[in-house]
Amino acid sequence: MIASGVEGPPVQELRRNKEKQEVKKGGKPFSKAPSKESMAVNVAPFKLKSTAKDNVAPRNNVPYERPQRKLTLKEMQAREYPFLDSDVPGIFDDLLEANLIDLPEMK
Numbered sequence: 001m002i003a004s005g006v007e008g009p010p011v012q013e014l015r016r017n018k019e020k021q022e023v024k025k026g027g028k029p030f031s032k033a034p035s036k037e038s039m040a041v042n043v044a045p046f047k048l049k050s051t052a053k054d055n056v057a058p059r060n061n062v063p064y065e066r067p068q069r070k071l072t073l074k075e076m077q078a079r080e081y082p083f084l085d086s087d088v089p090g091i092f093d094d095l096l097e098a099n100l101i102d103l104p105e106m107k
């Protein structure tokens with residue numbers, strides 16, 4: 001220490017420059033000034049071929065479609081149906097004869 005002309009332990013000098021140098025893991029300072037060659041970009045148009053998306057109908061620009069909730073009993077009773085209430089027993093009889101519905105067994 002005395003041979004170098006400095007008394008005391010070696011201390012790194014303070015930087016007078018206000019720029020902050022970042023250091024990577026390798027110990028080399030990071031250069032923030034990119035070269036102009038790296039900024040040049042070659043752009044070439046290209047077309048992607050997809051067969052799955054061609055068959056899908058557009059979604060009318062809706063980002064998220066919420067599943068439709070089930071109606072409550074009051075909402076179903078308040079709704080107007082395209083048939084008369086007096087036609088309901090006849091409709092059920094026709095469905096039973098065509099075996100389109102099955103009634104559960106009575107307990």
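Heads up: the sequence shown at position 38 corresponds to 38 in full-length UniProt numbering, and the numbers run straight through without jumps.
All residues carry an ideal CB built from backbone N, CA and C; glycine is no exception.
Source: prediction; values computed, not measured.
Leaving aside the five residues that flank L71 on each side, the residues in its chain whose CB is nearer than 8 Å to its CB run, in chain order, R79. Cα atoms of L103 and K47: separation of roughly 57 Å, rounded to the nearest angstrom.
Residue state for F92 is assigned as helix, using DSSP reduced to three classes. Residue state for E75 is assigned as helix, using DSSP reduced to three classes.
Here E97 carries a helix assignment [DSSP, helix/strand/coil]. In the structure shown, D85 adopts helical secondary structure according to DSSP, grouped into three states.
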